[in-house]
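Q: One structure follows; several queries about it will come next.
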């Protein structure tokens, strides 16, 4: 150290030294995770996006591909279709999720636990499964097709029902997190001011949950607009952007046009990102260090209405699920309804047989463990660290981006990036590692949002107190942050596990000879028209995820008892 | 403890003996039906136990896309069982290693790449066919179609499914064959009429027939192999070979340029056109590379070989992009759901 800085030091340093070393360490951590996001997301995306400006021989052609796109009405028509589906799904899904979450957190209805478990069921199955069930329910030979009054299930109706089923738990997780930590003092204040229930709802509940509501809305919107599982199974002739990418890439091997469509699909993400930034600026910590957890009081009428509503939603979900299990056990629907296990002979079908199921287990395990660590640490560093605002904003952007990237595009991007002969990471191609990395990256956003939402509700005073006690950030992190956020951490790990079991699109281009996956098997079997075996494999994924979910439930309960008792007065 | 030791011992022995026999491992990309893969590898290993096949199996479209995407750094050593039109595409990209396998002269000249040495050799043909669900046809009072033209009859409105040529090899086979049978103008006019009756287009070529098998549609435009399989499983299907003739494509074999296991790859390609291999293909396919060896296949209509059109693969491959764009513009934009 030079003499000048040595002499200058005594004035400024004594107070700031501790926090600045913490900041540096946190920045270093954030840097490492950001590097991960750059390698696993930004560079592959750059690789595929640069494709959109190239012709088939890799020469730069400027906007030629885009001009061709916008001069092809067949393709541009899908923009409108995608937006229609996404907006309708968002409205329906968020409304159902909010009312359900409200009932679950603010009423004293019975069987809350059961309803919560049932509402999480859709997250445990591949997005192709509701479509498969709808074929059995409302298709030409559907068991209850009369309920559609002659409308065709193949098309927007089928897609929207499937997408609502598929997105409901995603929205519910976010809204539940937002609703579950309410400050009871606000409600006590409202009550003592004689505010009506309705007024309290609009002036306390909604504002408190608005961040969650908006998050949920754009999560559902982007999930829907980027999902290709549901439109693929039940879309019929109704084209959407995601299936267009699939057709461009799979059918025509037109990677350049696939890249163009994916750019179009990235637009909503940019808008969603900006909305998120604006909302974040307005968000204040709800759970201050002095907050008191809200406890609902019994109210028979309200409780019964909420109970009935939760029951309706549960019946919808269970019908879809049971239909698939029924279909999986039927010998030859609809002509031979005797029971049989022949649809479980996966080794005789597409998709890699039973080995693919065990590969999926391995993928899910790695994704849950590694992914949770990466996501939560990243969220902590970016939320609680100080300084380096540009880098933090970039991190936020990178963390939001995966939500908007269709898995198919991410998978293709990985081929272009990781399979380039001069790429030093080339060795992970066709291994389990690339599947784990792509899956963590693909599902980064919701996991990140869950972590951020939990972290936001923690008063920064915790860190301030830690710092003033001269305790380094990692001690505050491990002794306060992690225990308080443990429910969220467990939620993130189960979220990553089940999505690794169910994801299709990101991995369909990445699995190798020894790493075929169960979810891809569902896709390939349905694609080949083997719809009953596809339902059977889908149900295998469900039972696995349900088992993990039970383990998660038991763990969470133990954890809650140990670490969250401070929430009760 | 003892048990564990025994188990480990057994595993080590198995691994050692495994490596002792299988000296070379080949990564083979294929679109052959999954249920047949095991059989193909076993029959090959009867003659060549020293080469182990690691299959990468997917539908024609996905395997093709995968191979093209991996062009810069190929992962496959051999392609065994992929559409000739796909292999023509790859040949154009310079991805295939030309090789004249032993016994090439015994192969039907139609079943090989015309260049010398050929870049690919054929195995068997899969042919277009119409699958009709007899139960649903009766319930809806529909006459049995006998020709492609019959399918434009308004009575079939919303009863037909066909594969989208943009994602399915079979779909492209259908469209390119209609254009060859009827000529360009009349071919498109035919498809305009057909489009009015189509309930939906599927992504895969086998799905329309499987949907017809389960009554999800009444008529599926698909390929004969699929229809025969579903019929064997007990589906109420009639497999129709339209009177105008049928489009077809072949499954073929090729060596991927740049493989470091050239000897094993050549051994496999040699074997793929032997009499034994051809008789194996014949268990599922009526038309094979050495047609003299072929026996009739159960549930296959007998008149397939003479109904196959004189398919111009080079024309289909070189006009592929234009045809698909035209098809998409005509039928994909009117993609509002029907019904």
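Protein chains in written order, with the working numbering: chain U, 1 to 569; chain R, 1001 to 1339. Note that the Cβ used here is the ideal one computed from N, Cα and C, for glycine as well.
(1) Which full runs of the alpha helix (DSSP H) of 4+ residues lie inside the region 1049 to 1096 of chain R, going along the chain?
(2) Which residues, taken in chain order from the region 393 to 414 of chain U, show a beta carbon closer than 8 angstroms to some beta carbon of chain R?
(3) Run down chain R in chain order and give the residues with a C-beta less than 8 angstroms from the C-beta of residue 247 of chain U.
(4) I think residue 226 of chain U touches residue 263 of chain U, with their Cβ atoms under 8 angstroms apart; what is that distance to the nearest whole Å?
(5) Looking at the unbroken alpha helix (DSSP H) that takes in residue 136 of chain U, where does it start and where does it end?
(6) Is DSSP giving residue 1218 of chain R helix, strand or coil here?
(7) Would you identify the three-state DSSP class for residue 503 of chain U, choosing helix, strand or coil?
(8) Check residue 183 of chain U in the structure and name its three-state DSSP category.
(9) Within the 9 angstroms Cβ cut-off, does residue 323 of chain U reach chain R?
(10) Let me see if you follow: with CB-CB separation under 9 angstroms, is residue 349 of chain U close to chain R or not?
(11) When you compare each of R:1301, R:1273 and R:1059 to residue 964 of chain R by their alpha carbons, which one comes out closest?
(12) Anything in the region 1053 to 1068 of chain R with a Cβ closer than 8 angstroms to a Cβ of chain U? List those residues in chain order, please.
(13) Are residue 401 of chain U and residue 45 of chain U close, meaning C-beta to C-beta below 9 angstroms?
(14) In chain order, what residues of the same chain lie with their CB nearer than 8 angstroms to the CB of residue 549 of chain U, ignoring the 5 residues before and after it?
(15) Which partner residues of residue 1200 of chain R appear in the DSSP bridge assignment?
(16) Helix, strand or coil for residue 1133 of chain R? Go by DSSP, reduced to three states.
(17) Under DSSP, the beta strand (DSSP E) around residue 1254 of chain R begins and ends at which residues?
(18) If you draw a straight line from the C-alpha of residue 1040 of chain R to the C-alpha of residue 161 of chain U, how long is it?
(19) Quick check: what's the CA-CA separation for residue 432 of chain U versus residue 520 of chain U?
(20) Leaving aside the five residues before and after residue 522 of chain U along the sequence, list all residues of the same chain whose C-beta is less than 6 angstroms from its C-beta, in chain order.
(21) Could you tell me whether the Cβ atoms of residue 429 of chain U and residue 41 of chain U are closer together than 9 angstroms?
(22) Note down, in chain order, each residue of its chain lying with its Cβ closer than 7 angstroms to the Cβ of residue 506 of chain U, except the 5 sequence neighbours on either side.
(23) Helix, strand or coil for residue 115 of chain U? Go by DSSP, reduced to three states.
(24) Apart from the five residues just before and just after residue 357 of chain U, which ones in its own chain have a Cβ nearer than 7 angstroms to its Cβ?
(25) Check whether chain U comes within 9 angstroms of residue 1018 of chain R, counting only Cβ atoms and requiring the distance to be less than that.
(26) Can you confirm whether the region 173 to 190 of chain U touches the region 104 to 116 of chain U when touching is taken to mean that 3 or more C-beta pairs between the two stretches lie within less than 8 angstroms?
(27) Anyone know if the C-beta pair for residue 1287 of chain R and residue 1113 of chain R falls short of 9 angstroms?
(28) Measure from the C-beta of residue 1328 of chain R to each C-beta in chain U and report whether the shortest distance is under 9 angstroms.
(29) Along the chain, which unbroken stretches of the alpha helix (DSSP H) at least 4 residues long are found entirely within the region 382 to 449 of chain U?
(30) For chain U, check one thing: does any of its Cβ atoms lie closer than 9 angstroms to the Cβ of residue 1038 of chain R?
(31) Apply the 10 Å Cβ neighbour rule to residue 1320 of chain R and answer buried if 16 or more other Cβ atoms are within range, or exposed otherwise.
(32) Three-state secondary structure (DSSP) at residue 13 of chain U?
(33) Tell me whether residue 278 of chain U is buried or exposed, calling it buried when 16 or more other Cβ atoms sit within 10 Å of its Cβ.
(34) Please list the terminal residues of the continuous beta strand (DSSP E) segment that includes residue 336 of chain U.
(35) Assuming residue 1167 of chain R and residue 247 of chain U are in contact, meaning their beta carbons sit under 8 angstroms apart, how far apart are those beta carbons, in whole angstroms?
(36) Answer yes or no: do residue 1323 of chain R and residue 1206 of chain R have a C-beta to C-beta separation smaller than 9 angstroms?
A: Taking the coordinates as given:
(1) 1060 to 1069 and 1084 to 1092
(2) 412
(3) Within the first chain, the letter at position 247 stands for residue 247 of chain U. 1164, 1166, 1167 and 1203, listed in chain order.
(4) The sequence position of residue 226 of chain U within the first chain is 226, counting from 1. The sequence position of residue 263 of chain U within the first chain is 263, counting from 1. At roughly 13 angstroms, the Cβ-Cβ gap does not stay under 8 angstroms, so residue 226 of chain U and residue 263 of chain U are not in contact.
(5) As a first step, residue 136 of chain U must be located in the first chain, where it is residue number 136. Run containing residue 136 of chain U: 128 to 138, per the alpha helix (DSSP H) assignment.
(6) As a first step, residue 1218 of chain R must be located in the second chain, where it is residue number 218. Coil, per DSSP.
(7) What you label residue 503 of chain U is simply residue 503 of the first chain in a count that begins at 1. It is coil, neither helix nor strand.
(8) Numbered from 1 along the first chain, position 183 holds the residue referred to as residue 183 of chain U. In this structure, residue 183 of chain U counts as strand in the three-state DSSP scheme.
(9) As a working note, residue 323 of chain U is residue 323 in the first chain. Not one chain R Cβ lies under 9 angstroms of residue 323 of chain U.
(10) The sequence position of residue 349 of chain U within the first chain is 349, counting from 1. For residue 349 of chain U, the answer is yes, since a Cβ of chain R falls inside 9 angstroms of its Cβ.
(11) Since the first residue shown for chain R is 1001 and the last is 1339, residue 964 of chain R is missing from the structure and cannot be characterised.
(12) 1054, 1055, 1056, 1057, 1058, 1059, 1061, 1062, 1064, 1065, 1066 and 1068
(13) As a first step, residue 401 of chain U is located in the first chain; it is residue number 401 there, counting from the start. As a first step, residue 45 of chain U is located in the first chain; it is residue number 45 there, counting from the start. The answer is yes: Cβ separation under 9 angstroms.
(14) The sequence position of residue 549 of chain U within the first chain is 549, counting from 1. Cβ within range, chain order: 117, 120, 124, 494 and 498.
(15) The sequence position of residue 1200 of chain R within the second chain is 200, counting from 1. Per DSSP, R:1161.
(16) The sequence position of residue 1133 of chain R within the second chain is 133, counting from 1. Note: residue 1133 of chain R maps to strand in three-state DSSP.
(17) To locate residue 1254 of chain R, count along the second chain from 1; it is residue 254. Segment 1248 to 1256, the beta strand (DSSP E) holding residue 1254 of chain R.
(18) As a working note, residue 1040 of chain R is residue 40 in the second chain. As a working note, residue 161 of chain U is residue 161 in the first chain. Rounded to the nearest angstrom, the two C-alpha atoms are 42 angstroms apart.
(19) Against the first chain, residue 432 of chain U aligns to sequence position 432. Against the first chain, residue 520 of chain U aligns to sequence position 520. Cα-Cα distance, rounded: 14 angstroms.
(20) Your numbering for residue 522 of chain U matches position 522 in the first chain. Cβ within range, chain order: 126, 128, 534, 537 and 538.
(21) Indexing the first chain from 1 puts residue 429 of chain U at position 429. Indexing the first chain from 1 puts residue 41 of chain U at position 41. No, these two residues do not count as a Cβ contact at 9 angstroms.
(22) As a working note, residue 506 of chain U is residue 506 in the first chain. Once the five neighbours on either side are set aside, the close Cβ partners of residue 506 of chain U are 407, 410, 411, 438, 439 and 442.
(23) Working through the first chain from its first residue, we reach residue 115 of chain U at position 115. In this structure, residue 115 of chain U counts as helix in the three-state DSSP scheme.
(24) The sequence position of residue 357 of chain U within the first chain is 357, counting from 1. The answer, listed in chain order, is 518 and 540.
(25) Here residue 1018 of chain R refers to the residue found at position 18 of the second chain. The predicted position of residue 1018 of chain R is uncertain, since its pLDDT is 44 and thus under 50; a value taken from the coordinates is nonetheless stated next. No, residue 1018 of chain R does not count as interfacial toward chain U.
(26) yes
(27) Translated into the one-based positions of the second chain, residue 1287 of chain R becomes position 287. Translated into the one-based positions of the second chain, residue 1113 of chain R becomes position 113. Going by C-beta atoms, residue 1287 of chain R is not nearer than 9 angstroms to residue 1113 of chain R.
(28) Along the second chain, read from residue 1 onward, the residue named residue 1328 of chain R stands at position 328. Chain U contact via Cβ: present.
(29) 389 to 400, 407 to 418 and 432 to 442
(30) Here residue 1038 of chain R corresponds to residue number 38 of the second chain, with the count starting at 1. With 9 angstroms as the cut-off, residue 1038 of chain R counts as an interface residue toward chain U.
(31) As a working note, residue 1320 of chain R is residue 320 in the second chain. Buried, by the Cβ-count rule.
(32) On the first chain, position 13 is the one that residue 13 of chain U refers to. With a pLDDT of only 46 at residue 13 of chain U, under the threshold of 50, the placement of this residue in the model should not be trusted, and no figure is reported.
(33) Your numbering for residue 278 of chain U matches position 278 in the first chain. Looking at its Cβ environment, which holds fewer than 16 other Cβ atoms inside 10 Å, residue 278 of chain U is exposed.
(34) For the purposes of this step, residue 336 of chain U is identified with residue 336 of the first chain, where counting begins at 1. First-last of the beta strand (DSSP E) with residue 336 of chain U: 336 to 339.
(35) Position 167 of the second chain, counted from the first residue, corresponds to residue 1167 of chain R. Position 247 of the first chain, counted from the first residue, corresponds to residue 247 of chain U. Rounded, the Cβ-Cβ distance is 5 angstroms, consistent with contact.
(36) Translated into positions along the second chain, residue 1323 of chain R becomes position 323. Translated into positions along the second chain, residue 1206 of chain R becomes position 206. No, these two residues do not count as a Cβ contact at 9 angstroms.
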